[in-house]
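Below, the structure written as structure tokens:
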């Protein structure tokens, strides 16, 4: 995953979780009670509602991505990786380069 993708996912997750907590008094209360318990030095036996909301977001996102047939991002990342490998091969004076499928081909 590229850094740009990671940042985008975290921004989306943060917005999603913030919206959930803004609209749910139960979640706010659970998060406050959990924080108070931790501050008191409690065992923290209960789960952290904020962490749970983020985990659930990423589980849902992964399930949606698994169902998706859009592989355009992977193709772009693959092309960028092949371009970087070809640049290294050229700068190091190798006698091969990589074609679009990623297979090395001899250059004479």
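In our numbering, the protein residues as written are 949 to 1056.
The C-beta atom is built at its ideal place from N, Cα and C for all residues, glycine as well.
In the DSSP assignment, residue 1006 falls within the unbroken alpha helix (DSSP H) covering 997–1015. Residue pairing by DSSP places residue 1045 opposite 1053 in a beta bridge. With fewer than three CB-CB distances shorter than 8 angstroms, the segment 1026–1043 does not count as touching the segment 1002–1015.
Here the C-alpha atom of residue 953 lies approximately 10 angstroms from the C-alpha atom of residue 960. The C-alpha of residue 956 is placed about 14 angstroms away from the C-alpha of residue 1005.
The beta carbon of residue 1044 sits closer than 8 angstroms to those of 1037, 1052, 1053, 1054 and 1055, all from its chain and outside the five residues before and after it, given in chain order.
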